[in-house]
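A quick write-up on the structure given underneath.
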Amino acid sequence: MRVFRLQVNGDPLDVAAPEHWSLLEVLRYRLGLTGSKQGCDKGDCGACTVLIDGTPTLACLALPATLEGKDITTIEGLRPLHQKAGGQGVDPVQDAFDRCGALQCGFCQPGMILSTKALLSDNPDPSRREIQDALAGNLCRCTGYTQIFQAVELVADEVAGREPRKPAWAQAREQEIAAASPKEEPFQPEHGGQA
Ligand code: FES
Ligand code: FES
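Start counting at 1 in the sequence shown, then tack on 12, and there's your number in the working numbering.
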């Protein structure tokens, strides 16, 4: 047993736990922070992702003894940290995932959201390819990823004050409608009539 001095979601904490426990076990079974999910428990799924000094990190592979003095952010910390910074409601990334329906069972969502936070703080205007690369370590069994990528694009555009980009299917549909619409003839005034 050892006492770890950790900084979690802005709070300094002394936590007693077996020395060999992972950060994920300390978060879930000592601190009750169960938002970080225990999926594979061996570094494959990304469900346990937290931020360590802003960098996405797999909590199932991180040892608390190596994290003393570092800033640990879990999904539970996003809303209070957002409000402490003067925001209202939930963090904008959480809100965008909600509005885009970017979840089904929700098991992957905390990790996806924290990886998105890290991506957007490094790159506020990511391309679809860059979003896919940034979330490549976060596996989702349910959604097919499309709404997740759309949520990241939505929050990136909204935070930057840009017009939200339309999903590819909406652009294709608009092109189909435009191609199928009869061309409007320019208005020709009639000549020869008496005033
Ligand atoms: S639980 Fe950590 S990567 Fe799967
Ligand atoms: S919503 Fe179920 S794993 Fe992603």
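Quick reminder that beta carbons are idealized off the backbone N, C-alpha and C, glycines included. Predicted model, so just to flag it, every value in this text is computed and none were measured.
Closer than 7 Å: residue i CB and nearest ligand 2 heavy atom
i: L147; result: no
i: Q19; result: no
i: L126; result: no
i: G58; result: no
i: Q116; result: yes
i: C52; result: no
i: R174; result: no
Residue i - partner residues in DSSP beta bridges
i: Q19; result: P24, D83
i: A74; result: A74 is not bridged to any residue.
i: R14; result: A29
i: V62; result: T69
Own chain partners of residue i with C-beta closer than 6 Å, once the 5 adjacent residues on each side are dropped
i: E186; result: none
i: L25; result: L18
i: D53; result: C72
i: G123; result: G58, A59, T61, N150
Pair within 8 Å by beta-carbon distance, residue i and residue j
i: L70; j: G55; result: yes
i: P68; j: A130; result: yes
i: C60; j: L36; result: yes
i: V62; j: L126; result: yes
i: Q159; j: A114; result: yes
i: C120; j: L151; result: yes
i: A97; j: P136; result: no
i: S48; j: T86; result: yes
i: I64; j: V20; result: no
Contact set for residue i: own chain, Cβ-Cβ below 8 Å, skip 5 residues either direction
i: R111; result: A163, L166
i: G205; result: Because the pLDDT of G205 is 49, which lies under 50, any placement of that residue in the model is unreliable, and the question is left without a value.
i: L43; result: V20, L25, V27
i: M13; result: A28, A29, P30, E31
Cβ neighbours of residue i in the same chain (closer than 7 Å, five flanking residues each side left out)
i: A207; result: Residue placement at A207 is flagged as unreliable, the pLDDT there being 46, under the threshold of 50; the coordinate-derived value follows with that caveat. Excluding positions up to five away in sequence, the list is empty.
i: D103; result: L90, R91, H94
i: A168; result: L132, P136, D137, P138
Residue i CB to nearest heavy atom of ligand 1 below 7 Å
i: Q121; result: no
i: L25; result: no
i: L131; result: no
Completely contained alpha helix (DSSP H) runs for the region 97-124, where each covers 4 or more residues: As far as the region 97-124 is concerned, its whole alpha helix (DSSP H) runs of at least 4 residues are 104-111.
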